[in-house]
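Those protein sequences? They're chains F and R, same order as listed. In the working numbering, each residue carries its 1-based index in the first sequence increased by 1081. In the working numbering, each residue carries its 1-based index in the second sequence increased by 120. Encoded as C-alpha cells, the structure appears first; notes follow it.
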Amino acid sequence: MSLKQGLSVIEGLEVRPLMASDGHPFIPNASGEVRQKILGSLGIDSVEQLYSDIPKGVRLNRPLKLAGFYPEQEVRSRIEQLLQQNKSAAEYTTLLGAGIYNHYIPAAVKTIMARTEFQTSYTPYQAEISQGLLQALFEFESMIRDLTAVDAVNSSLYDGSTALGEAARMAVRVTGKYKILVPRDLHPDKLSVLRNYTEPVGIKIETYGYDDQTGHLNIDDLKLKLSVETAAVLCEVPSFFGILDPNATDVPSLCHEKGALSIIGFDPISLGGLKAPGDYGADIVVAEGQSISSEMNFGGPGLGIIGCRGDDLLRQMPGRLIGMTTTTDGKDRAFSMVLQTREQHIRREKATSNICTNEALLGIGAAAYLALLGPRGLSQLFETIMIRTNYAIRRLEDLPSTLIPRFTGAHYQEFVMTFQDSRKSVEKVNRDFLSAGIHCGKSLVKDFPELGQSALVCVTEMNSAEALDKFAVTAEKILGA
Amino acid sequence: MYRQASWNEPLLIEKSEAGKVGHLPVRASDQERKVVGNISSVIPDILRRHGAPPLPELSEPEVVRHFTRLSQENFSPDLGIYPLGSCTMKYNPKSSELAVQTHKLEKIHPEQDESTVQGILALMHDLERMLAEITGMSRITLQPAAGAHGEYLGCLIIRAYHRSRGELDQRTEMIVPDSAHGTNPASAAMAGFKVVVVPSNSDGIVDLGELQKVVGVHTAGLMITNPNTLGIFEKQIVEIAEIVHRAGGLLYYDGANFNPLLGKVRPGDMGFDILHLNLHKTFATPHGGGGPGAGPVGVTKSLERFLPVPLIEFDGKTYHYNYNVPESVGKIRAFLGNIGILVRAYAYILNLGADGLKMVAETAVLNTNYVLSKVLASGLYQLPFTRERKHEFVLSAKGLSTLTGVRAMDLAKRMLDLGVHAPTTYFPQIVDEALMVEVPETESLQDLDQLADALIAVFKEAKTDPEAVKSAPHSTSVSRIDDVKASHPRTLTLHWNRPSSIKETENPRKPMTLVNY
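What follows is the structure, encoded as C-alpha cells:
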C-alpha cells in the first residue's frame, strides 16, 4: 500500500513500505532466530496460540487499513511536508495570546527538558531510583510557592483551565458551598472547561461584570452576587483583557467576609513585577505555565499550576505533591511523593481527583526557566513586556475610528482594540493583516458581543519595536483606508 | 553490577549567590522607553511587587549541571527495562522527537487563521482517522491530555447521552470491576456517578452472575479495561456488552491495556461505545516523568454528537474547525490537545503501519509470556487466577511475606539494585502482595532474561538473607526512603526553606473524608 492509497493527503510521495519479514527497528524479537527461540521455550508454534481465548466473533480478520511500516526517513519527510504548510511565528509577526504565549524559551531549558532520563521515565513510584525527577519537581513546587506566596504547590495539572476546574472543586469540598463566581471576561475555553468540571456535581457558576470604561472588575456587581452561599470567587491578574486591576487585591477580603475562598489566576512571568497573590490573601492560585516552560506548540501541552494556603485546602489538593524527607537511616536528604492517600491510585472513588499522568516534564522545564532567569531576569522580562505592550498601545492609540486600548485600565501583555468604523469587521481586518504577514489579535466578536468589533492583541518580548512599528504602519493602512 | 549516580546534589537555593544570572531576557530600547515613559507609574501601586521576586541566583552552567546531575539520578527506559505494569513503558523512538522540533510546529498559535495551520490540521485529521480504524470507533477527539482526562470526558459523554434520553436523573451508577485502574472509579465519581464495584470470579474476570445482579435501571455504564489489570482477556466481553446494553447502559473501554490487541481485536467490534487511548503507552510517546501524555477519546456513530468542539473537518480541499455541534459537551481543556504528543504518535503509526502494529501486539504478549514462564518455572511466586495472560501478569509474594516478613515492596526495591526498574506494586488490590509486570515489545531477549532473573534472584535472596532485601536498595542514588516521615503531618516538608508541618488530625492514619457532593 502506498501513501496515496492510504489515509494520507499528500500526493506524489514515493515510498516503499517495509516487509514484515524485514523485522522492525523498534522490536528486537520481531522475527528471526530469537523469535523462534521464544516460541520454542513456550512450547508453541505460533503466537496465535496466546490469543486462543479471544472469541472468534470479535477478532479482526483482516489487516488494518493503514498506511505505514515505512522507513524512518520517509516518515520524517512526510511529516516535514505536512507541517511545511503551516505559517509560524518565525515567519509572520504574531500578536496572538489569550492563554498561549509566544515567549523566548532559553536554549538551556530545552536542553534540560530533552534529557531522556527525564523525558522517557514515568511517575516516580520508586523514589530511590527517581530522585532526579523528584528533586526537580520539588524545586519547581518551591519556586512557584515563593513566587505566589502560598503554602503548597503541586507538581502540575493538565493546563490552566483544568487547574481552575480543580480549584473550584477544592473550594466546594472545603466550604461545603456550591456556587462559584467568575469574571464575565474569562477565556471562553476556561468557562467551558470549568462548567464541565463542576456541573456534574451540582456546582453553579455565576459571572460578575467588568467596568465598561476601565475594564476593572465591577465591584458593586461582585458584592451583589457574593453571598454566604458562595464557595469561591475567581479573579485574574492580569484579566483576560490584559488589565492590571487594583481592585483585585480587595477580592480575597471580600470573600473572607462571606466565608468564601478566593481563587487568583496569575501569569507566571508577571510575578517578576507584580505582588504575589498570596500577599493579598489568595487562598488558591492557578495559572497556565506554558510561557515559562515551552513553545506555543499549537496550544498544547500546557502546564496547569495550582497552589493553596492552609491545611484544609492542602488535604483537598489534587495530583502529585513532592516532599523532602530523609533516607530511613536518617543519613541523606531524599524526596518522595507525599500525601498519596489523596490520590486515585490509593483512594479510588474517594480521591480528590482522578488525575494520574500530568505535565511533569513542563514542571521541570519551568524549574529550569525560573532558576535561569532568577530574580533579575524575571523582573527584567516583566519590564520588557510591560514596556512593549504599552509601546504598541502608544503607537496605535491615535488610529482613526478605533478605540485602542478599549479600556482605560493599566495593561500588561494584552489589550483590546475596537473598530468603530462600520465597514471594518474583525474578520476582514484580520484577513488584511494576514496578507501583510501578521497574525493579528483573537476576535472577541462571538464571545463578547457587547464589545462590538473587537480583538484581543498580545505583545511579548518577542515583538521588537521595529516589528511593532511595522504593525502600526500596516494598521494605519488597513484601518485608515 | 548496577550503580546509579549519586551526586548529593544541593538544592538550587543552596547554590544561589547574589548577583548571578543564568539568562538575560531582551531589554526594551531607549526609544521604546521614551515613548512609554515610566512604567512604574502605569502599574497600580497596590499590585506592584516591592523588591525582586524571591528566586535563586545561578549562572547558566550551574543550572545546566544541576539538572544534568539530577537526570543521572533518574532511571528511564533509555537506560533499561522498565516493567511497570499497566504503564506500557516501551522504548520511545528518537525520530518522533526530532519530528516535533520545528518552528512549523513549535511556533504556531492555536488561534491562528485556519489557512495558516493546514498542515497540522491535516495531520490531526489523519491521526483521527487512523485511530478510528485501529479501534473500530466512528470518530475520535484528540483533546484530552491524558488517559484519566479521557475517562472523565467519557463520563461526561455518558451523562450527555442519558440526558438526551431524559434518563440522567435515573442513571446514577457507574459499574467498575474490582480489578479496575484507580482512575476509573475516580473519574466516575468526579462526574457525579455512584461507583458500583463488580467482583471478579475465580478466573480473574468479571463475574457475570454478579454483574447481572448490579445492572439495572440505575446503570449509566460500565468502565472496563480489556485485557484487565491481571493481564487476562475478558473473554465474556460480548456477554458483558449485552448485559450492559440491555440494561440501558453504555460500555466504556479503558485503553490503558490496548497494546496487546493492536491489529488483533478492536474495542468497537467488542461492543464498546466509548474508549480512550493512552498515546504515551500504546503509541510510544514519551511519558515525560509523568506527562505530558495524550488520551484521545473515540465514540460510536450515535455518540459523535456529544464530542467536544471543535471537530476538525475536511471538505475535500481544506481543513476547518466545526463548532456547530449543538449537543457537544463543550471543552475538556483549553485549545485543541497536547499537539506535540499527537505528532509523535502519528510518526509512530506511520513507522509501524498495519503489519508493524500487529507485530507490536504479538511481540509484547510473547515477551510477557516468556518472562512469566521463566519465573513460574522457578516455582517461587504464586500466580493467582489462570495462567493465560496477554501483555502483563500479577505475581503474589504473599507466601514469602508470611514466611519471612519480606514484602512485595521489599522485593521491588531490591530489584532496583539489579539495574531493572521495579514492577508496579500492590496493584491490582485483589492480589495480595502484588507485583504487576508488563513487558513491552521493545525489549530484547537479554532484557527479558535480566528481568526474569532479577525477579527470581530477589525472591531467593529474601529466603536466605531477608535483611539484605528489606534494607534495599543499596545501589541507587539514595538508600531506602522514609515515606512515613515524608507524609507525617509533623515532618511534612513541601518547601526548600521551611518545614510545612500541618495540623495533625486526631488520628493521622484516619483516611480523609470528603464532602459528599
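Ideal Cβ placement from N, Cα and C applies to all residues, glycine included.
Residue burial classification, residue i (beta-carbon count within 10 angstroms, cutoff 16)
{"i": "T1489/F", "result": "exposed"}
{"i": "P130/R", "result": "exposed"}
{"i": "K1509/F", "result": "exposed"}
{"i": "E134/R", "result": "exposed"}
{"i": "S1127/F", "result": "exposed"}
{"i": "V495/R", "result": "buried"}
{"i": "E1547/F", "result": "exposed"}
{"i": "V146/R", "result": "exposed"}
{"i": "E1220/F", "result": "buried"}
{"i": "L523/R", "result": "exposed"}
{"i": "P548/R", "result": "buried"}
{"i": "G1124/F", "result": "exposed"}
{"i": "T613/R", "result": "buried"}
Cβ-based neighbour list, residue i, same chain, cut-off 8 Å, excluding 5 preceding and 5 following
{"i": "V296/R", "result": "N304, P305, A308, V315, V316, V317, V318, L342, M343, I344"}
{"i": "L1425/F", "result": "Note that residue 1425/F is Gln in the sequence shown here, rather than Leu. So the qualifying residues of the chain are A1432, S1434, N1435, I1436, C1437."}
{"i": "Y443/R", "result": "V429, P430"}
{"i": "S493/R", "result": "none"}
{"i": "E182/R", "result": "K135, K140, G142"}
Beta-carbon separation (whole angstroms), residue i vs residue j, contact threshold 8 Å
{"i": "P1486/F", "j": "V1497/F", "result": "6 Å"}
{"i": "A266/R", "j": "G375/R", "result": "The Cβ separation is near 12 Å, so there is no contact."}
{"i": "L1384/F", "j": "E1440/F", "result": "5 Å"}
{"i": "Y1203/F", "j": "L204/R", "result": "6 Å"}
{"i": "R1469/F", "j": "E1542/F", "result": "7 Å"}
{"i": "S239/R", "j": "N1167/F", "result": "Residue identity check: residue 239/R is Gly in the sequence provided, not Ser. So it is a contact: roughly 4 Å between Cβ atoms."}
{"i": "E193/R", "j": "Q263/R", "result": "Actually they are not in contact, since the Cβ atoms of E193/R and Q263/R sit about 35 Å apart, beyond 8 Å."}
{"i": "P176/R", "j": "A1452/F", "result": "6 Å"}
{"i": "I201/R", "j": "H541/R", "result": "7 Å"}
{"i": "I1225/F", "j": "Y1259/F", "result": "At roughly 29 Å, the Cβ-Cβ gap does not stay under 8 Å, so I1225/F and Y1259/F are not in contact."}
Residues near residue i by beta carbon distance below 7 Å, same chain, minus five either side
{"i": "A481/R", "result": "N379, P380, L381, L382, G383, K384"}
{"i": "D1393/F", "result": "V1255"}
{"i": "K623/R", "result": "P609"}
Distance between residue j and residue i (C-alpha atoms, nearest Å)
{"i": "F1529/F", "j": "F1463/F", "result": "28 Å"}
{"i": "R1276/F", "j": "P1382/F", "result": "21 Å"}
{"i": "T1483/F", "j": "S1524/F", "result": "15 Å"}
{"i": "L1549/F", "j": "G1561/F", "result": "17 Å"}
{"i": "I159/R", "j": "G1354/F", "result": "11 Å"}
{"i": "G1533/F", "j": "G1296/F", "result": "15 Å"}
{"i": "T1555/F", "j": "V1540/F", "result": "16 Å"}
{"i": "H186/R", "j": "I432/R", "result": "43 Å"}
{"i": "Q1216/F", "j": "A554/R", "result": "28 Å"}
{"i": "A1415/F", "j": "H608/R", "result": "15 Å"}
{"i": "V1253/F", "j": "G1340/F", "result": "12 Å"}
{"i": "F1107/F", "j": "Q1117/F", "result": "18 Å"}
{"i": "A340/R", "j": "V334/R", "result": "12 Å"}
{"i": "V156/R", "j": "A1473/F", "result": "9 Å"}
{"i": "G1370/F", "j": "S320/R", "result": "43 Å"}
{"i": "A484/R", "j": "R425/R", "result": "36 Å"}
{"i": "A1208/F", "j": "P174/R", "result": "28 Å"}
Own chain, CB closer than 6 Å to residue i, minus 5 neighbours either side, in chain order
{"i": "A1329/F", "result": "C1316, V1318"}
{"i": "G1087/F", "result": "A caution first: G1087/F carries a pLDDT of 40, below 50, which makes its placement in the model unreliable, though a value can still be read off. Counting only Cβ-Cβ distances below 6 Å, and skipping sequence neighbours, we find A1148."}
{"i": "R386/R", "result": "T255, G256"}
{"i": "L1420/F", "result": "L1402"}
{"i": "D530/R", "result": "V589, K590"}
Closer than 7 Å: residue i CB and nearest the ligand SAH heavy atom
{"i": "T303/R", "result": "Among the components modelled here there is no ligand, and therefore nothing to report on the ligand SAH."}
Taking contact to mean at least 3 C-beta pairs separated by less than 8 Å, is the region 198–216 of chain R in contact with the region 552–569 of chain R? yes
Check your understanding: If you pair each beta-carbon of the region 1241–1255 of chain F with each one of the region 421–430 of chain R, do three or more pairs fall below 8 Å?
Key -> no
Q. Taking one C-beta from the region 138–147 of chain R and one from the region 1449–1457 of chain F each time, how about it: are there three or more such pairs within less than 8 Å?
A. yes
Quick one: any contact between the region 470–480 of chain R and the region 1145–1153 of chain F, if contact means 3 or more CB pairs under 8 Å?
-> yes
Three or more C-beta pairs below 8 Å linking the region 1190–1201 of chain F and the region 1387–1404 of chain F
no
Task: the region 517–536 of chain R touching the region 355–369 of chain R, judged by at least three CB pairs closer than 8 Å - done: no
Contact between the region 436–452 of chain R and the region 222–230 of chain R is defined here as three or more beta-carbon pairs at a separation below 8 Å; is this criterion met?
no
- Query: How about the region 1344–1359 of chain F and the region 1297–1306 of chain F: do they share at least three Cβ pairs that are nearer than 8 Å?
  - Reply: no
Problem - Cβ-based contacts, 8 Å cut-off: residues of the region 512–544 of chain R near chain C - result: Of the chains in the structure shown, none is chain C; the protein chains are F and R.
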